[in-house]
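Under the numbering used here, think of the first position of the sequence shown as 16, with each following residue one higher. Virtual Cβ for every residue (Gly too), placed ideally from N, Cα, C. Okay, structure first, notes after.
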Amino acid sequence: MNEDELLAGLNPLQASQQVDLDSYALTSRWQAAGVTPQDAVEPVLRFMERNPDLDLGVPGSLAHFIEKAPRGRYALALMESLARRPTALTVFLLHRLANGAATDEQREQYLDFMDTLRQHPLADADTLRKISSYLDDFDEGE
């Protein structure tokens with residue numbers, strides 16, 4: 016499946032009354048069709064950007080699926096997505112990356128990047144609250 020086909024599979028979730036179940040079914044169909052997490056990273060992140068108010072779960076089936084992509088590829092795609100349009104969910108995914116960082120230096124890079132998102136013109140109030148909360152969590156943990 017190409018990126019357009021993956022996005023076409025995601026679009027019906029916008030009108031779903033059971034997003035959690037439908038997104039789980041979608042990722043199951045993708046796996047059966049041979050779609051890899053790496054294939055799905057970009058389309059899923061773009062879908063999240065376009066639908067910041069859609070409750071996809073925390074983190075939800077789509078996020079769990081793309082988090083299985085090779086870490087470097089996933090981290091880069093996530094940071095590119097956040098640079099385009101941070102959402103509460105994608106900021107949460109960055110928080111998870113920071114929590115699981117292999118080194119303190121890597122964690123600091125993720126947190127520094129998260130801090131820059133406070134100035135992003137497309138960050139809504141909920142996203143800004145999440146950023147502050149996550150950064151406060153790390154400050155308290157040090």
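Check	Outcome
Is the beta carbon of Glu-57 sitting closer than 8 Å to the one on Glu-18?	yes
CB Ser-38 to CB Leu-28, shorter than 8 Å?	yes
Where Asp-130 and His-110 are concerned, what is the direct C-alpha to C-alpha distance, given to the nearest angstrom?	11 Å
Would DSSP call Glu-82 helix, strand or coil?	coil
So the alpha helix (DSSP H) Pro-52 belongs to, where does it begin and stop?	52 to 65
Could you give the distance in angstroms between the alpha-carbon of Leu-22 and the alpha-carbon of Val-59?	7 Å
DSSP three-state call for Asn-17: helix, strand or coil?	coil
Of the choices Asn-114, Thr-105, Arg-100, Leu-126, whose alpha-carbon is the least far from that of Ile-81?	Thr-105
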